[in-house]
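S.K.: Residue numbers (this note's numbering), protein chains in the order written: chain A, 21 to 282; chain B, 21 to 282. The structure's right below; bear with me while I get my questions together.
2 protein chains.
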Amino acid sequence: MTNTASRAPANGKPGRRPRTRPAQAEPQADSTEPRKPGPRGAATGDTATGTDELCARLREDIVRCVLPPHARLKFGDLQQRYGAGIGSLREALMQLTAEGMVISESFRGFCVAPISLDDLQDLTELRVEFENRALRASILLGDDQWEARIVAALHMLNKITHIGPDSSDSEMAEWEERHGRFHEALLSACPSRRVMQIRKTLYDQGRRYRNLALARSGAVEVHAYQHQELANLVLARDADAACALMTSHILEAANNAGRLVD
Amino acid sequence: MTNTASRAPANGKPGRRPRTRPAQAEPQADSTEPRKPGPRGAATGDTATGTDELCARLREDIVRCVLPPHARLKFGDLQQRYGAGIGSLREALMQLTAEGMVISESFRGFCVAPISLDDLQDLTELRVEFENRALRASILLGDDQWEARIVAALHMLNKITHIGPDSSDSEMAEWEERHGRFHEALLSACPSRRVMQIRKTLYDQGRRYRNLALARSGAVEVHAYQHQELANLVLARDADAACALMTSHILEAANNAGRLVD
DNA sequence: TTTCTAGTTATTTTCGAACATAATTCAAAT
DNA sequence: ATTTGAATTATGTTCGAAAATAACTAGAAA
Numbered sequence: 021m022t023n024t025a026s027r028a029p030a031n032g033k034p035g036r037r038p039r040t041r042p043a044q045a046e047p048q049a050d051s052t053e054p055r056k057p058g059p060r061g062a063a064t065g066d067t068a069t070g071t072d073e074l075c076a077r078l079r080e081d082i083v084r085c086v087l088p089p090h091a092r093l094k095f096g097d098l099q100q101r102y103g104a105g106i107g108s109l110r111e112a113l114m115q116l117t118a119e120g121m122v123i124s125e126s127f128r129g130f131c132v133a134p135i136s137l138d139d140l141q142d143l144t145e146l147r148v149e150f151e152n153r154a155l156r157a158s159i160l161l162g163d164d165q166w167e168a169r170i171v172a173a174l175h176m177l178n179k180i181t182h183i184g185p186d187s188s189d190s191e192m193a194e195w196e197e198r199h200g201r202f203h204e205a206l207l208s209a210c211p212s213r214r215v216m217q218i219r220k221t222l223y224d225q226g227r228r229y230r231n232l233a234l235a236r237s238g239a240v241e242v243h244a245y246q247h248q249e250l251a252n253l254v255l256a257r258d259a260d261a262a263c264a265l266m267t268s269h270i271l272e273a274a275n276n277a278g279r280l281v282d
Numbered sequence: 021m022t023n024t025a026s027r028a029p030a031n032g033k034p035g036r037r038p039r040t041r042p043a044q045a046e047p048q049a050d051s052t053e054p055r056k057p058g059p060r061g062a063a064t065g066d067t068a069t070g071t072d073e074l075c076a077r078l079r080e081d082i083v084r085c086v087l088p089p090h091a092r093l094k095f096g097d098l099q100q101r102y103g104a105g106i107g108s109l110r111e112a113l114m115q116l117t118a119e120g121m122v123i124s125e126s127f128r129g130f131c132v133a134p135i136s137l138d139d140l141q142d143l144t145e146l147r148v149e150f151e152n153r154a155l156r157a158s159i160l161l162g163d164d165q166w167e168a169r170i171v172a173a174l175h176m177l178n179k180i181t182h183i184g185p186d187s188s189d190s191e192m193a194e195w196e197e198r199h200g201r202f203h204e205a206l207l208s209a210c211p212s213r214r215v216m217q218i219r220k221t222l223y224d225q226g227r228r229y230r231n232l233a234l235a236r237s238g239a240v241e242v243h244a245y246q247h248q249e250l251a252n253l254v255l256a257r258d259a260d261a262a263c264a265l266m267t268s269h270i271l272e273a274a275n276n277a278g279r280l281v282d
């Protein structure tokens, strides 16, 4: 209810003033040549475009299973729910399709990617591979600031002492946020932009399975001691031990989720 | 000039006939529930939507370096070049952004992803990882039809006996097509949809580096014997030897490309 | 000459409406 | 009762125009 007034498209534009638009001049010469890296300094660039925000919101709703697996994503509903135009929605869904969160059938629209035990197994294998790869690189190359980021993120995570089935939604979201930031801090010295990007999509997909199991069972396992131990091993630069623990950390989470799938 | 009439959007719709559109009926109940997998049989589903086609065309032009690295992708130019609307272009560019082929800066448009030696190094490492992973899975699980696909693809590839700097563009494109199909056939028994998808994007990015070097040097290395040997090892189910050869195959190509970058 | 500032142009982003395709309904015939 | 096919409804796709942002230019002040 109250879909119209509940949310503004992130940039306030209540009024629309007309504007004169003179006929455009003659066509410019072809400008397909590479952009000059030259004198023009870095500009603002911090304002996120509306579509990016929308994409993040959709991704989060899929990961949180607010939009459950295999659910149809009709533009009418999405337009109401997110207060965005059709074009923006299509752009976001296209990106999420490339990320594997959404399936697109030509002329039949989009739907949330389905889940299965096989898919979880496959996802978990890749996650182990990528998390360990990034972790080894970080341990090898990390500097003092990297260590500081880990310590700080772990502290933030530990400040949430107890989390359980009776915790509120926002508490759970906050814990998940800090949990994600901790894991990201561990890997944040990995120099490969590509590895980090793929890892992020895999991590989100794993998060979806975990949230799904959580929604179905209500059980929560925090295993805080593993995080402390993981940080210790990483800061001691023991790559083998750290990767071993990371692997069991991921496998354990996958097993917990797998029991509730199908 | 003549951007309006120069190109039809791939599905003929020259005339537009008006249509009566009655006021829609009362709203339907919420239909966010999962779609029934039920009685509805598989429909046509073979007609690719225009945007998908456009996306493939853009991807190919980037890989072929028709759109060189770091080139700005202005909507005006793209609209002329591909005869598509702005919305479709944005969708395609968004997907290519997720694939790593395009960079998007908020409110400043899109540009072709840049290249560098570091990036090539990073890409190559991941390619070795994924090609070998898929290859091992295929060798383990492949059946008779898989073997037949390999033999057929190799035959198609070998039919192009000579390729060189004096070959025409379409000949080069045909060889590259068959080369890609051969490599895909080798891995086509890998059951992981995820591995295959990521591998595809990495393969395309590698293809871009190779084409870039080719455009700058004119040199072509075909190493046909490696393909024959690779097929032999794979069909003999010798995973270790096949992966070793695959690795050197990829590293060699990367070295050839790397000499011409920067 | 250099440096701001305001106006101007160029480009991107967003939204709605028209068009195309799929899903549904319903009546008639077997 | 079942099936077939046409009309209808619902939904997805495409395109152009208006609004928003950035890039550029020129003119005035230091």
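The beta carbon of each residue, even a glycine, is placed where N, CA and C say it ideally should be. Computed from a predicted structure; not experimentally measured.
Does the beta-carbon distance from residue 119 of chain B to residue 221 of chain B come in below 8 Å?
M.R.: Within the second sequence, the letter at position 99 stands for residue 119 of chain B. Within the second sequence, the letter at position 201 stands for residue 221 of chain B. Against a cut-off of 8 Å, the Cβ pair of residue 221 of chain B and residue 119 of chain B comes out as a contact.
S.K.: Beta carbon of residue 283 of chain A, beta carbon of residue 259 of chain A: below 8 Å?
M.R.: Look at the range of chain A in this structure, 21 to 282, and you will see that residue 283 of chain A is not part of it.
S.K.: List the residues of chain B whose Cβ lies closer than 7 Å to the Cβ of residue 119 of chain A, in chain order.
M.R.: To locate residue 119 of chain A, count along the first sequence from 1; it is residue 99. In chain order: 118.
S.K.: Mind checking which residues open and close the alpha helix (DSSP H) that includes residue 278 of chain B?
M.R.: The sequence position of residue 278 of chain B within the second sequence is 258, counting from 1. Counting along the chain, the alpha helix (DSSP H) containing residue 278 of chain B begins and ends at 259–278.
S.K.: Checking 8 Å against the spacing of the C-beta atoms, do residue 83 of chain A and residue 198 of chain A come in under that value?
M.R.: For this step, residue 83 of chain A is matched to residue 63 along the first sequence. For this step, residue 198 of chain A is matched to residue 178 along the first sequence. Contact flag unset, no.
S.K.: Should residue 292 of chain A be labelled buried (16 or more other beta-carbon atoms within 10 Å of its own) or exposed?
M.R.: In the structure displayed, chain A extends from 21 to 282; residue 292 of chain A sits before or after that span and is not available.
S.K.: Return helix, strand or coil for residue 131 of chain A, following the three-state DSSP convention.
M.R.: Translated into the one-based positions of the first sequence, residue 131 of chain A becomes position 111. Correct three-state label for residue 131 of chain A: strand.
S.K.: Exposed or buried, residue 151 of chain B, counting other C-beta atoms within 10 Å across all chains shown (16 or more means buried)?
M.R.: Indexing the second sequence from 1 puts residue 151 of chain B at position 131. With 16 or more other Cβ atoms within 10 Å, it is buried.
S.K.: Given that a residue counts as buried once 16 or more other Cβ atoms are within 10 Å of its Cβ, and exposed if not, what is residue 279 of chain A?
M.R.: On the first sequence, position 259 is the one that residue 279 of chain A refers to. Under this definition residue 279 of chain A is an exposed residue.
S.K.: Just the C-alpha distance for residue 196 of chain A and residue 80 of chain A, rounded to the nearest angstrom, thanks.
M.R.: On the first sequence, position 176 is the one that residue 196 of chain A refers to. On the first sequence, position 60 is the one that residue 80 of chain A refers to. Those two C-alpha atoms are separated by around 12 Å.
S.K.: Tell me the rounded alpha-carbon separation between residue 226 of chain B and residue 236 of chain A.
M.R.: Working through the second sequence from its first residue, we reach residue 226 of chain B at position 206. Working through the first sequence from its first residue, we reach residue 236 of chain A at position 216. Roughly 43 Å between the two C-alpha positions.
S.K.: Report, in whole angstroms, the separation of the C-beta atoms of residue 142 of chain B and residue 214 of chain A, which I expect to be a contact under 8 Å.
M.R.: One-based indexing of the second sequence puts residue 142 of chain B at position 122. One-based indexing of the first sequence puts residue 214 of chain A at position 194. About 6 Å; that satisfies the 8 Å criterion.
S.K.: Verify whether the separation of the beta carbon atoms of residue 265 of chain B and residue 250 of chain B is less than 8 Å.
M.R.: The sequence position of residue 265 of chain B within the second sequence is 245, counting from 1. The sequence position of residue 250 of chain B within the second sequence is 230, counting from 1. Yes. Within cutoff.
S.K.: Just to confirm, are residue 257 of chain B and residue 159 of chain B a CB contact at a threshold of 8 Å?
M.R.: Along the second sequence, read from residue 1 onward, the residue named residue 257 of chain B stands at position 237. Along the second sequence, read from residue 1 onward, the residue named residue 159 of chain B stands at position 139. In contact: residue 257 of chain B and residue 159 of chain B (Cβ atoms closer than 8 Å).
S.K.: Pull up the distance between the alpha-carbon of residue 122 of chain A and that of residue 207 of chain B, whole angstroms please.
M.R.: Looking up residue 122 of chain A in the first sequence gives position 102. Looking up residue 207 of chain B in the second sequence gives position 187. Roughly 25 Å between the two C-alpha positions.
S.K.: I'd like to confirm the pairing. Which residues does DSSP put opposite residue 93 of chain A in its beta bridges?
M.R.: Sequence index remark: in the first sequence, residue 93 of chain A carries index 73 (1-based). In DSSP, residue 93 of chain A forms a bridge with A/130.
S.K.: In three-state DSSP terms, what is residue 82 of chain A?
M.R.: The residue given as residue 82 of chain A occupies position 62 in the first sequence. Note: residue 82 of chain A maps to helix in three-state DSSP.
S.K.: What whole-angstrom Cβ distance do residue 154 of chain A and residue 210 of chain A have, given they're in contact under 8 Å?
M.R.: Numbered from 1 along the first sequence, position 134 holds the residue referred to as residue 154 of chain A. Numbered from 1 along the first sequence, position 190 holds the residue referred to as residue 210 of chain A. The Cβ separation is near 4 Å, so the contact holds.
S.K.: Taking only beta-carbon atoms, is residue 114 of chain A less than 8 Å away from chain B?
M.R.: Walking along the first sequence from the start, residue 114 of chain A turns up at place 94. Yes, residue 114 of chain A counts as interfacial toward chain B.
S.K.: Rounded to the nearest angstrom, how far is the Cβ of residue 131 of chain B from that of residue 92 of chain B, given a contact under 8 Å?
M.R.: Taking the second sequence and counting its residues from 1, one reaches residue 131 of chain B at position 111. Taking the second sequence and counting its residues from 1, one reaches residue 92 of chain B at position 72. About 5 Å separates the two Cβ atoms, so the contact holds.
S.K.: At least one CB of chain A closer than 8 Å to the CB of residue 154 of chain B: is that the case?
M.R.: Translated into the one-based positions of the second sequence, residue 154 of chain B becomes position 134. Not one chain A Cβ lies under 8 Å of residue 154 of chain B.
S.K.: Alpha carbon to alpha carbon, how far is residue 110 of chain B from residue 71 of chain B? Give it in angstroms, no decimals.
M.R.: Start at 1 with the first residue of the second sequence, and residue 71 of chain B comes out as number 51. Start at 1 with the first residue of the second sequence, and residue 110 of chain B comes out as number 90. Cα-Cα distance, rounded: 9 Å.
S.K.: Please say whether residue 67 of chain B and residue 127 of chain A have beta carbons closer to each other than 8 Å?
M.R.: Here the question's residue 127 of chain A lines up with position 107 in the first sequence. Here the question's residue 67 of chain B lines up with position 47 in the second sequence. Yes. Within cutoff.
S.K.: DSSP state of residue 136 of chain A, grouped into three classes?
M.R.: Position 116 of the first sequence holds residue 136 of chain A. Reduced to three states, the DSSP call for residue 136 of chain A is coil.
S.K.: Considering just the uninterrupted stretch of the alpha helix (DSSP H) at residue 171 of chain B, what are its terminal residues?
M.R.: In the second sequence, the residue the question calls residue 171 of chain B occupies position 151. Where residue 171 of chain B is concerned, the enclosing alpha helix (DSSP H) stretches over 164–178.
S.K.: Determine whether the Cβ of residue 192 of chain B lies closer than 8 Å to any Cβ atom of chain A.
M.R.: Locating residue 192 of chain B in the second sequence gives position 172, where the first residue counts as 1. Taking Cβ atoms only, chain A never reaches closer than 8 Å to residue 192 of chain B, which makes this a no.
S.K.: What residues in its chain sit with their C-beta under 8 Å from that of residue 124 of chain A, if we drop five residues either side in the sequence?
M.R.: By one-based count along the first sequence, residue 124 of chain A stands at place 104. So the qualifying residues of the chain are 113, 114, 117 and 130.
S.K.: Quick check on residue 177 of chain A: buried or exposed, where buried means 16 or more other Cβ atoms within 10 Å of its Cβ?
M.R.: Taking the first residue of the first sequence as position 1, residue 177 of chain A is located at position 157. Counting Cβ neighbours within 10 Å, residue 177 of chain A comes out buried, since at least 16 surround it.
S.K.: Would you kindly check if the distance between the Cβ of residue 201 of chain A and the Cβ of residue 173 of chain A is under 8 Å?
M.R.: In the first sequence, the residue the question calls residue 173 of chain A occupies position 153. In the first sequence, the residue the question calls residue 201 of chain A occupies position 181. Closer than 8 Å, so yes.
S.K.: Can you tell which of A/248, A/277, A/191 and A/97 has the C-alpha that lies nearest to the C-alpha of residue 231 of chain A?
M.R.: Reading the first sequence from its first residue, position 211 is the one you call residue 231 of chain A. Checking every option, the nearest Cα to that of residue 231 of chain A belongs to A/277.
S.K.: Can you tell me whether residue 139 of chain B is buried or exposed? The criterion is at least 16 other CB atoms within 10 Å of its CB, across all chains shown.
M.R.: Mapped onto the second sequence, residue 139 of chain B falls at position 119. Buried.
S.K.: Taking Cβ positions, are residue 134 of chain A and residue 89 of chain A nearer each other than 8 Å?
M.R.: For the purposes of this step, residue 134 of chain A is taken as the residue at position 114 of the first sequence. For the purposes of this step, residue 89 of chain A is taken as the residue at position 69 of the first sequence. Yes, these two residues count as a Cβ contact at 8 Å.
S.K.: On the criterion of 16 or more Cβ atoms from any shown chain inside 10 Å, does residue 106 of chain A qualify as buried, or is it exposed?
M.R.: Taking the first residue of the first sequence as 1, we reach residue 106 of chain A at position 86. Exposed, because fewer than 16 other Cβ atoms sit within 10 Å of the Cβ of residue 106 of chain A.
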